[in-house]
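Take a look at the structure below.
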Amino acid sequence: MHDLLGYLLFCAVLTAGGWALAGLMTRVYAAERTPLSPVFDPLERGFYRLAGIRADVSQGWKAYALAVLVFNLTGFVALYAILRLQGALPLNPDGIAGMPADLAFNTAISFVTNTNWQAYSGEAQLSYLAQMAGLTVQNFVSAATGMAVGIAVIRGFTGERGAGLGNFWADMTRSVLYVLMPLSVVVALVLAVQGVPQTLLGAVHATTVEGADQVIARGPAAAQIAIKQLGTNGGGFFGVNSAHPFENPTVLSNMVQCLSILLIPVAFCFVFGRMAQDRRQGWAIFAAMGVMFVLGLVVIWWGETGGTAVLGLGTNMEGKEQRFGAGLSALWAAATTAASNGSVNAMHDSFMPLSGLVEMVNMMIGEVVFGGVGAGLYGMLLYVVLAVFLAGLMVGRTPEYLGRKIEAREVTLAMLAFLSMPFGILAGGAISASVPAALASVQEAGPHGLSEILYAYSSAIGNNGSAFGGFGAATQWQTTTLGLLMLLGRYAIIVPMLSIAGSLGAKQRAAVTSGTFPTHGPLFVTLLILTVAILGALTFFPVLALGPIAEQTALAAGHSF
Amino acid sequence: MSISPSAHPGLYAAALKAAFAKLHPRALIGNAVIFVTAVTAGLTTVLALRDLAIGAPGWGVTLQLAFWLWVCVLFANFAEALAEGRGKARADSLRATKAETMVRLLAREDDPAPKPVPSSALRAGQLVRVEAGDLIPTDAEVIRGVASVDESAITGESAPVIRDSGGDRCSVTGGTRIVSDSLILRITAEPGKSFLDRMIALVEGAERQKTPNEIALNILLAGLTLIFLFVVVTLAPFARYSGIAIPVVTLAALFVTLIPTTIGGLLSAIGIAGMDRLVRANVIAKSGRAVEAAGDVDTLLLDKTGTITFGNRMADAFYPARGVSETQLVRAAWLASLSDATPEGKSIVDLARRLLPALTGETPDMGESVAFSAQTRLSGVDLPGRQLRKGAVDAVERFVGRSADPALRAKIDEIARSGGTPLLVAQDDVILGAIHLKDVIKPGVRERFAELRAMGIRTVMITGDNPLTAAAIAAEAGVDDFLAEATPEMKLDYIRREQAGGRLVAMCGDGSNDAPALAQADVGVAMNSGTPAAKEAANLIDLDSDPTKLIEVVLVGKQLLISRGALTTFSIANDVAKYFAILPAIFVAAFPGLGVLNVMGLASPQSALLSAVIFNALIIVALIPLALRGVKYQPSSAAALLRRNLSIYGLGGLIVPFIGIKAIDIAVTALGLV
């Protein structure tokens, strides 16, 4: 029972933290002065002057989207080059060779799209330079890209008519300087205090009691872990991610990382309310996400503690760390799949099928339960557009959200964005379940094997990055297809959402009357949750029935896979 | 002129016939969801016939599935045909008034020798003469003459109306009949473009174009169809991986039950029925867009006269001067008004009789009546030895040569302040007292405005009265705002201001000077009796020329959107139950544990599949009456509407199919169909 009390405390701290951060973020993106301005303001302006950016010029949606694409393409090329050439570059004390082409392609896309799917093992296949100048840089800027797009979309939905979506370069720079950097420093320090290494020295060679020689990997971990959580990246410094004792040594470090995963996504809900100048709108979205998060958390927790009774077992400790137990592992699993983070502190492959089902659903609905930084909010706004369009008619008016009419153009774009999830998961998964080259990656037989495929494809297209351990991601087939799906999952949503924002932002805002469809309050929250459940989750019901549901019901009948 | 299908049994037969005619691919292609359903039905039929030919096991069920998929398509077609049929019946009766006649074509206004031509040959701009008994050949403007016209064929109103040149009553409509005098008309409509033609096209649905919201909804439905196509097509390889071979027919059945066939099948019927409701209210929409916009209206500009108040002022009270008895005043006012035929005069006589019932029996000496003139602004009667007068305050004071006493003066001011019109009554050189003439608010108007307010619609009263009078009437009628001493420019400004604040404005008007405001308004309703300019500028035309119609138009628009939204929500919510019916049926053989998903306890996989498909078809036909009638609409706030409709159509959409499919399953099993 103390697990549930802990969850309650976690949610309270998270909500308070997100609420407080939202105030700061709203000021940051409005280019108002904040307590950090004296330090960063000169830096920011110096950077703009150097780069020749006019930060006060608001961009239309096309210019904004183009800036996003150009910036991310540049990041991809740079990262790909570093990964391929790391063997010949400095800061490589362990003499690690360059990455093969397909793996470098997959890894570069993975980090640029904020997925952080890791088809490699960090300590064995990456030099310190690749970790720091390659991955950690993308950890910051891919997160900042998501945040900038999130803010731009909010501006379109809530801003003055024709004011544009803001300036991508400014939004990106401010996200890094005022939000990600300061928070990362704080979190990294706490983690270092808890025992996470932060060093540029090479691996330690130790002789064990039995006289065997053991190589203990270490490196500049604390800094990268802080941003991997805050930026919903999730790519661990070590291969086993936050289950590794150096990456996540204590219960306190575990809680701090868990909070870091959800902090900025939660704050985005409240930023939305503040920028809409109607905080109830933010609370409504927060409530919808919160209810879904808590439901998922409770199911996973029950699955791991009580759900094992069908096997005649107690708490399911397989694949979990003793220092966290089932309770903290369940919390992490819920948070990391809800927030498109993808870091793990336990092996999801070994969770009960029911828990795996929740994790997959969290990703399949498009990472909208808080979701990635910025990305979760604009993903949820996609569902809001659909919910408002469907149910808004029932009050006898052309559907409108925040006073802006949802018309054919918005619906077309929303459907376009919305199609990418079923397309990626179902088409990708179906091919993977049929093609021998793909089937080689599947470790387990039966429904669990199907779950491994579904999990991998949901994770890639949801830009989550976690995986069922049994799934072999390093084959050329998987690195290539999953790499392409990560691109689809990121940009096939970003571009239409920016376009919707641009289109809504150009519309006259209708006055609010008692005839206006109310988009706050419990009724709307329920409606939004049902829309996510019926349009988002139900689409995957047939395949989920063949995967985790079949496995769970078979377990109940005493048959395991 | 309401046409209900029950009153015309022939409509059903015709609609059934049309349902088959609409199976033509060209007719189906316009509706993505139903087209896809038809393709799937075709595929299933081929497979069923193949199974039949080779005697494959289970061909009976396959054949039944194919049959019900076709039924689903036919029901959708039937819904549309029935909606169109109701319009056609009305169109036929309209067409009857559009008889071909010979008309007198004039070369110029004073052409003494008109040339007879058939009415169908008339072009816009030509001049014709019509005389008593003639049918007015097409829409036209009166350029000379005054005549009474029977418009009952168009409006249903049997009392003839006066039409004359120059003013706001100069427009005549084709299909109406001139009952007295003669008129010279300038034709305003090209052949086939008159109101009658437009109305016929509208009710027949021939020129029906999809409205913006309908287009958006169609895109959404097409998108959902595409998603379910992914779901079903990819299910085969997923199932193969799991060691299950799913027959194509099963996938086809799953596909059709998942795609939104209910709303897809009823969408156009809802639209046609909405237009029909409007036509039945005797309003012609020049575009479907206007009807949707009517649902969105935030501000209603209403003319005071005719909408809020009765057209005329009526006597409300008598106030005697000092030293005069009330009876004396009432009797004098009565005498002075007996020969006054104006509505005001009649209302004075009525009030006097109510106050002094004894007057009813009296037949006084009528004396010599003095009619009202613009110079004297007095009327009354000259009886032997005395002159009785009533009229405007200053005119009567001039007539008697003195002012009213201070107490009466205070009363007069009070009447003016309250928005009324004070009249004085005098006998020779004595002022007897005052009459309070009052604008009488129509009964029920206040409640109507309160309803509109609950719906979030602001009402604004437009009047030529001074601000004082206007404010008093506005307060009494319960409007939210008023525009006093309104000029066309002020109306236009007011509309622009409202629109700048993000509000959609509806107004009605008839005069040429209303045209700019009608064009600027988001929804402009022109009176059919109005000028061609006004009718051209408006997007809706009210054939009854009834200014209160604006409110009805708004309600029709809202009901249309609500019906669409309610049935869409219902349709999508239905999917939950269908998954629970079909998925266990497909998978239970390979994974017996998935039997837990069979929450309805359906008898067998075959019966589950068949029941889901039958439910899917029957629900369309079950909802046709709702689609045609429109969802019940009670004016209330959006929050209340949402709560109500979401619980009926959202929650209902979740629950009803569970019950329906279970019931059909019991029936199908009992009948031994599987």
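Protein chains in written order, with the numbering used here: chain A, 1 to 561; chain B, 562 to 1235.
Don't be surprised by glycine CBs; every beta carbon is placed ideally from N, CA and C.
Three-state secondary structure assigned by DSSP to residue i
i	result
alanine 550 (chain A)	helix
threonine 818 (chain B)	helix
phenylalanine 1010 (chain B)	helix
methionine 120 (chain A)	Note that residue 120 (chain A) is tyrosine in the sequence shown here, rather than methionine. Tyrosine 120 (chain A): coil per DSSP, three-state reduction.
methionine 1161 (chain B)	coil
proline 925 (chain B)	coil
valine 689 (chain B)	strand
glutamate 702 (chain B)	strand
valine 240 (chain A)	coil
valine 733 (chain B)	strand
glycine 18 (chain A)	helix
valine 57 (chain A)	coil
glycine 906 (chain B)	helix
Any chain B beta carbon closer than 8 Å to residue i
i	result
glutamate 407 (chain A)	yes
glycine 358 (chain A)	Strictly speaking, residue 358 (chain A) in this sequence is valine, with glycine absent from that position. No, valine 358 (chain A) does not count as interfacial toward chain B.
proline 353 (chain A)	no
proline 522 (chain A)	no
methionine 25 (chain A)	no
glutamine 508 (chain A)	yes
phenylalanine 471 (chain A)	no
Bridge-paired residues (DSSP) for residue i
i	result
proline 679 (chain B)	B:Met663
proline 496 (chain A)	Proline 496 (chain A) is not bridged to any residue.
glycine 994 (chain B)	B:Pro881 and B:Val986
isoleucine 1102 (chain B)	B:Ile845 and B:Ala1087
lysine 999 (chain B)	B:Met875
arginine 404 (chain A)	A:Tyr401
serine 727 (chain B)	Looking at the sequence shown, residue 727 (chain B) is not serine but glycine. Per DSSP, none; premise fails for glycine 727 (chain B).
threonine 480 (chain A)	Per DSSP, none; premise fails for threonine 480 (chain A).
phenylalanine 220 (chain A)	Here the sequence assigns proline to residue 220 (chain A), which means phenylalanine is not the residue at that position. The partner list for proline 220 (chain A) (beta bridge, DSSP) reads A:Gln198.
arginine 738 (chain B)	B:Leu696 and B:Asp711
aspartate 213 (chain A)	A:Thr207
glutamine 131 (chain A)	DSSP, once it has assigned bridges, lists no residue as partnering glutamine 131 (chain A).
Beta carbon proximity, residue i to chain A, threshold 8 Å
i	result
proline 1166 (chain B)	no
serine 908 (chain B)	no
asparagine 638 (chain B)	no
serine 900 (chain B)	no
alanine 1137 (chain B)	Note that residue 1137 (chain B) corresponds to valine in the displayed sequence, not to alanine. Taking Cβ atoms only, chain A reaches closer than 8 Å to valine 1137 (chain B), which makes this a yes.
tyrosine 1055 (chain B)	no
phenylalanine 871 (chain B)	no
alanine 1200 (chain B)	yes
Rounded separation between residue i and residue j - CA only
i	j	result
glutamine 988 (chain B)	leucine 969 (chain B)	16 Å
isoleucine 406 (chain A)	alanine 593 (chain B)	21 Å
serine 1208 (chain B)	alanine 1127 (chain B)	10 Å
threonine 553 (chain A)	leucine 544 (chain A)	12 Å
glycine 134 (chain A)	proline 496 (chain A)	29 Å
alanine 148 (chain A)	phenylalanine 168 (chain A)	6 Å
alanine 893 (chain B)	leucine 949 (chain B)	7 Å
proline 566 (chain B)	lysine 578 (chain B)	Bear in mind that a pLDDT of 44 at proline 566 (chain B), under 50, signals an unreliable position, so the number given afterwards is only what the model happens to contain. Rounded to the nearest angstrom, the two C-alpha atoms are 15 Å apart.
Residue nearest to residue i in terms of C-alpha spacing, selected from the options
i	options	result
serine 434 (chain A)	A:Phe423, A:Ile453, A:Gly296 and A:Leu419	A:Ile453
isoleucine 1222 (chain B)	B:Thr1092, B:Asn1159 and B:Ala956	B:Asn1159
alanine 627 (chain B)	B:Phe636, B:Ala640, B:Leu610 and B:Ala614	B:Leu610
valine 819 (chain B)	A:Leu538, A:Leu555, A:Ala557 and A:Gly429	According to the sequence provided, residue 819 (chain B) is leucine. The question's valine does not apply to it. Per the Cα distances, A:Leu538.
glycine 867 (chain B)	B:Ala919, B:Pro925, B:Ile1002 and B:Ala897	B:Ile1002
alanine 1038 (chain B)	B:Asp1075, B:Asp1054 and B:Lys999	B:Lys999
valine 664 (chain B)	B:Glu1113, B:Leu1065, B:Ile745 and B:Ala1142	B:Ile745
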